[in-house]
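Everything below concerns the one structure shown next.
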Amino acid sequence: MANDSTASLDPSSSSMNCGNGNFSYSKNSTLQRVGSMKANTIIEEVIADRLIIEKFSTSSNTVRIADLGCSVGPNTYFAMQHIIGAIEKKCESKGLSPSQFPEFQVFFNDQTTNDFNTLFTCLPPEKKYFVAGVPGSFHGQLFPSSSMNIVYSSFSFHWLSQVPKEVQMKDSPSWNKGRIFYASASDEVVQAYAAQFAKDFDSILSARGKEIISGGIMFTFMLALQDGCHPSKHILSFFLDAAGSILMDMAHEGLITAAQVDSFNMPLYLGTPKEITGLIERNGWFSIERLKFLDHKPGVDEPIEPSKHTAHIRAVIQDFIGAHFGAEIIDELFDRLHTNIAAHRDLHLSLGKAGVLLFVALRRK
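If you count by the numbering used here, then the sequence shown holds residues 1 to 365, one letter each, in order.
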């Protein structure tokens, strides 16, 4: 039998699949990159219209940029270079020559378990910035006060700092028995997740509010729900609910235990624009410059083979699954998930038609 641990999941101990193998995040994150690129024009507009280059440090003339939850692979390099290019265009528009451009320092942040070795090994040689790695959780402060000009985060802030404690307690009305996600669970489970997200997102905003200078910018992409949409109608929920059902089947077959499934929950939440707007306004550190769903419909605009969908999901959740259930069930689980995705292709295509990726641009007050 696989690992018989029923201990609750510690999100800080798991990360995206490391290395450059077939199931690594670096090889299976093109959907994230395509989604992020949908906002390139908006990022350029916000930097052109709202970034005050006179705010750059007059003593060092250095622009400090951070990518929070950078993971591994090329996505973070593309994003950083695009932001730097937009700032250089802004400088040109102000009549500055290239010799007067600021220097750039980029901080790559993720959990301590992130594969920073692969990240730094693959840095583009033509990069226009100095590099530093900052391991740690973005749910707390990572940088000195008023030290950052721009903070960027892609597919990260929907991750929770912890699974809500109530959903793991047998005597709680929020106990999420037999499921690994909240989307199809009771209202009590949904409310527990929503409360944890509200607490975590407020912590994220407060930490960034301390770190970013007045007039600085934060860009983030988050998996999210349309207002009024049930969480089970999100394409990610389809994949996670399917994985949960497969794990229960494996428990019935004796490959794992039901107690293991009952004690495992994925630590992420799909907020709505209404929720996120309310949390930003209540927090008070930032003004909202842009908040909109991007035209990103995975598998709808261009057909995606079930094997590719499965590989993308595996790259994201394998580490969480392996840490809790044991590595020996991984191949069997994702083989079955591939079969499930292929059998329900029309369903997940219809779910993909709804907005799934929310872009938010904030300006530090």
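Glycine included, C-beta positions come from ideal geometry on N, C-alpha and C. Predicted, not measured: the structure shown is a model, and the values here were computed from it.
- Task: Excluding the 5 residues preceding and the 5 following residue 242 in the sequence, name in chain order all residues of the same chain whose CB lies nearer than 8 Å to its CB.
- Result: Beyond the five residues adjoining it in sequence on each side, residue 242 comes within less than 8 Å, by CB distance, of 337, 340, 341 and 344 in the same chain, given in chain order.
- Which one of 160, 178 and 159 has the shortest CA to CA distance from residue 168? For residue 168, the nearest C-alpha among the options comes from 178.
- Pick helix, strand or coil for residue 365, following the three-state DSSP scheme. When secondary structure is reduced to three states using DSSP, residue 365 falls in the coil class, being assigned neither helix nor strand.
- Check residue 74 in the structure and name its three-state DSSP category. Reduced to three states, the DSSP call for residue 74 is coil.
- Item | Proximity to residue 268 [Cα-Cα], best of 308, 284, 316 and 277 | Distance check between residue 268 and each of 308, 284, 316 and 277 places 316 closest, using alpha-carbon atoms only.
- So, helix, strand or coil for residue 105, using DSSP? Looking at residue 105 - three-state DSSP - the assignment turns out to be strand.
- Message: Between the alpha carbons of residue 165 and residue 106, how many angstroms are there, rounded?
- Response: Rounded to whole angstroms, the gap between the alpha carbons of residue 165 and residue 106 is 35 Å.
- Query: CA-CA distance, residue 28 and residue 311?
  - Reply: Reliability fails at residue 28, whose pLDDT of 49 lies under 50, so the model's placement of it is uncertain and no value is given.
- Query: Considering only residues of the region 136–209, which uninterrupted beta strand (DSSP E) runs meet the minimum length of 3 residues and lie entirely inside it, listed in chain order?
  - Reply: Runs of beta strand (DSSP E) with 3 or more residues, each lying fully within the region 136–209, are found at 148–154, listed in chain order.
- Message: Can you give me the C-alpha to C-alpha distance between residue 183 and residue 226, rounded to a whole angstrom?
- Response: Rounded to the nearest angstrom, the two C-alpha atoms are 14 Å apart.
- Which whole-angstrom value describes the C-beta separation of residue 154 and residue 114, a residue pair presumed to lie in contact below a C-beta threshold of 8 Å? With a beta-carbon spacing of about 14 Å, residue 154 and residue 114 fall beyond the 8 Å limit used to define contacts.
- Query: With 16 other CB atoms within 10 Å as the buried threshold, where does residue 26 fall?
  - Reply: The pLDDT assigned to residue 26 is 49, lower than 50, so where the model puts this residue is not dependable, and the model offers no usable value.
- Would you mind working out which of 324, 328 and 215 sits nearest residue 287, comparing C-alpha positions? Ranking the options by Cα distance to residue 287, first place goes to 215.
- Query: Is residue 249 helix, strand or coil when you go by DSSP?
  - Reply: Residue state, collapsed to three classes: helix.
- Item | Per DSSP, cross-strand counterpart(s) of residue 68 | Bridge partners of residue 68: 109.
- CA nearest to the CA of residue 136, picked from 320, 67 and 233: Distance check between residue 136 and each of 320, 67 and 233 places 67 closest, using alpha-carbon atoms only.
- Query: What are the start and end residues of the beta strand (DSSP E) that includes residue 214?
  - Reply: Taken as a continuous stretch (DSSP letters only), the beta strand (DSSP E) holding residue 214 covers 212–223.
- Item | Beta-carbon proximity check, residue 46 vs residue 56, cutoff 8 Å | For residue 46 and residue 56, no; Cβs fall outside 8 Å.
- Task: Out of 80, 120 and 60, point me to the one whose CA is closest to residue 44's CA.
- Result: Ranking the options by Cα distance to residue 44, first place goes to 80.
- Buried or exposed: residue 362, going by 16 or more other Cβ atoms within 10 Å of its Cβ? By the neighbour-count rule (16 or more Cβ atoms within 10 Å), residue 362 is buried.
- According to DSSP, residues forming a beta bridge with residue 359: Assignment of beta-bridge partners to residue 359 by DSSP yields 221 and 292.
- Message: I'd like to know if the region 189–207 and the region 137–149 are in contact, where contact means that at least 3 CB-CB pairs between them fall below 8 Å.
- Response: Three or more Cβ pairs closer than 8 Å define a contact, and the region 189–207 meets that threshold against the region 137–149.
- Taking only the alpha-carbon atoms, compute the straight-line gap between residue 279 and residue 172 and give it to the nearest angstrom. Taking the straight line joining both Cα atoms gives about 26 Å.
- Message: Excluding the 5 residues flanking residue 217 on each side, which residues of the same chain have their C-beta closer than 8 Å to its C-beta?
- Response: Excluding sequence neighbours, residue 217 sits near 46, 47, 50, 51, 149, 150, 151, 289, 361, 362, 363 and 364.
- Do you know how far the Cα of residue 53 is from the Cα of residue 235? Rounded to whole angstroms, residue 235 to residue 53 spans 40 Å at the Cα level.
- Query: Can you name, in chain order, every residue of its own chain whose Cβ lies under 8 Å from the Cβ of residue 15, other than the five neighbours on each side?
  - Reply: Because residue 15 carries a pLDDT of 49, less than 50, the predicted location of this residue cannot be relied on, and the following value inherits that uncertainty. Excluding residues within five positions, the ones whose Cβ falls inside 8 Å are 71, 110, 111, 113, 114, 115 and 319.
- Query: Would residue 224 pass as a contact of residue 358 if the rule is Cβ separation under 8 Å?
  - Reply: The answer is yes: Cβ separation under 8 Å.
- Query: Do residue 222 and residue 324 come within 8 Å of each other at the CB atom, strictly closer than that value?
  - Reply: With contacts defined by Cβ atoms closer than 8 Å, residue 324 and residue 222 do not form a contacting pair.
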